[in-house]
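Peer 1:
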Amino acid sequence: MRKNKINSKNWVFLFIALLLYIPLGFLQVSIDYSKKVEELESGLLLMPGQVAGSLVLSGFKGLAADLLWLNIENYWHSGQHYKMLPLLEAIAWLQPHYINVWAVGGWHMSYNIFAEVRDAKQNLIKEYNEKVKKLSEKEKKNLQKVLAIGGRTIYLIKNLGLKKGMQEDKIPDLISEMNNYEHFLNNYRYEKNSKNAFFVESDKQFVACVKEMLFWYTQGIEFDKKGVVYNSDRYDLYFETGWIYYHKGMDYKNSVRYLKKAIKFPHPDYVDDCLAHAYEKNGQIDMAMKQWEKLLNTDFKNIAERAIKELKTKGKFSP
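Listed below in structure tokens is the structure:
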């Protein structure tokens, strides 16, 4: 009985230590990030709290990480996606050189949660559009600004990450635009239970949805960038970051930036393939052709030959 009590206390101390020291570890990453990622440094200075945390947890790290993964599974299947972020960060702190935790975490935020947030508004969008059709011309004129906000935000919800990019330098402008809409809607006067009420309150939800989508897209990229700091001598997380910029954000400038870093380390040929496409999308046709030429002696030979031919004759290859 006494032995069981001692074991129970050990578990309590273990998780208290985990909760106390995880934030300190990530504070260090935040402080060092810009310097580390640009200079491609792999060594990190550990804060006293992080060292102490490592000593306290010692052999329990693997077990603690496994338990956290189980909780992530439960949260995912129960739709509690927001509760997953601190757990992913906790596992990353426990096992910072485990590439998959960073890759899965970044992908989950920028893709899965992003899509969940967008899809949750589809029924409201459908109802909104149906009610707009039933408005008289006079009602539409009175609600002109409100309906314009609805149209704009619905467009963004449907197209961000699909047809409309999320370039890093344009995200602040989008957020500012949403904040302006939010201010207008919060100060808009209308009678409760009126037609106006439905459209105004729906617009508020659409504005919040756009901001949340931008948040999760950015959060996924930032999570991968934290992983780069711990694994700056491997291609993997440079590629993961570059791919999210390319495929989800259509931010080709930043995609090129990270994919160029990825090919400095041993890597599979598809990384060169992605970089060639990113160069083209970024308007760097000469660099794209040089990149395709590197792939002429690989399994990508046929694609590379076709790409070079089309870039020379049409100036375009990537869809």
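Quick note: the sequence shown uses the working numbering, first residue 121, plus one each step.
C-beta atoms are modelled at their ideal positions from N, C-alpha and C, and glycine is treated no differently.
1) Can you give the Cα-Cα distance for F385 and V376, rounded to whole angstroms?
2) Residues in the same chain with beta-carbon distance under 6 Å from A427, minus the five sequence neighbours each way, listed in chain order, please.
3) Where does L280 fall in DSSP's three states?
4) Going straight from the alpha carbon of I277 to that of Q339, what length do you get?
5) According to the Cβ coordinates, are F234 and W363 closer than 7 Å?
6) So, under 8 Å CB-CB, F304 and L263 are touching, yes? Tell me the CB distance rounded to an integer number of Å.
7) According to the neighbour-count rule (16 or more other Cβ atoms, all chains shown, within 10 Å of its Cβ), is K346 buried or exposed?
8) Under a Cβ-count criterion, where at least 16 other Cβ atoms within 10 Å of its own Cβ denotes burial, should K289 be classed as buried or exposed?
9) Quick one: grab the DSSP three-state call for P386.
10) Got a sec, what are the start and stop residues for the alpha helix (DSSP H) A424 sits in?
11) Rounded to the nearest angstrom, how far is the Cβ of R238 from that of M298, given a contact under 8 Å?
12) For K410, tell me which candidate among A396, N417, N402 has the shortest Cα-Cα distance.
13) Compute the Euclidean distance between the alpha carbons of M407 and Y355, then round it to the nearest angstrom.
14) So for Y372, helix, strand or coil by DSSP?
15) Mapping the DSSP letters down to three states, classify Y259 as helix, strand or coil.
Peer 2: Based on what the coordinates show:
1) Counting from 1 along the sequence shown, the entry for residue 385 is found at position 265. Counting from 1 along the sequence shown, the entry for residue 376 is found at position 256. One C-alpha to the other measures close to 15 Å.
2) Taking the sequence shown and counting its residues from 1, the one referred to as residue 427 is at position 307. These residues qualify, in order along the chain: W412, F437.
3) Taking the sequence shown and counting its residues from 1, one reaches residue 280 at position 160. Three-state result, L280: strand.
4) For the purposes of this step, residue 277 is taken as residue 157 along the sequence shown, with counting starting at 1. For the purposes of this step, residue 339 is taken as residue 219 along the sequence shown, with counting starting at 1. Distance between the alpha carbons of I277 and Q339: 18 Å.
5) Taking the sequence shown and counting its residues from 1, the one referred to as residue 234 is at position 114. Taking the sequence shown and counting its residues from 1, the one referred to as residue 363 is at position 243. Cβ atoms of F234 and W363: not closer than 7 Å.
6) Taking the sequence shown and counting its residues from 1, the one referred to as residue 304 is at position 184. Taking the sequence shown and counting its residues from 1, the one referred to as residue 263 is at position 143. So it is not a contact: roughly 13 Å between Cβ atoms.
7) Start at 1 with the first residue of the sequence shown, and residue 346 comes out as number 226. Buried.
8) For the purposes of this step, residue 289 is identified with residue 169 of the sequence shown, where counting begins at 1. Reading off the sequence, residue 289 comes out as Asp, not Lys. That one is exposed.
9) Numbered from its first residue, the sequence shown carries residue 386 at position 266. Looking at P386 - three-state DSSP - the assignment turns out to be coil, as it is neither helix nor strand.
10) For this step, residue 424 is matched to residue 304 along the sequence shown. Its alpha helix (DSSP H) spans residues 421 to 433.
11) Within the sequence shown, the letter at position 118 stands for residue 238. Within the sequence shown, the letter at position 178 stands for residue 298. That belief does not hold up - the Cβ atoms of R238 and M298 are roughly 15 Å apart, past 8 Å.
12) As a position in the sequence shown, residue 410 is number 290, starting the count at 1. Residue A396 is the option with its Cα nearest to K410.
13) Within the sequence shown, numbered from 1, the residue matching residue 407 stands at position 287. Within the sequence shown, numbered from 1, the residue matching residue 355 stands at position 235. Each residue's Cα considered, the two are about 20 Å apart.
14) Here residue 372 corresponds to residue number 252 of the sequence shown, with the count starting at 1. Correct three-state label for Y372: helix.
15) Numbered from its first residue, the sequence shown carries residue 259 at position 139. Reading off the sequence, residue 259 comes out as Glu, not Tyr. In the structure shown, E259 sits in a helix (DSSP, three-state: H, G or I).
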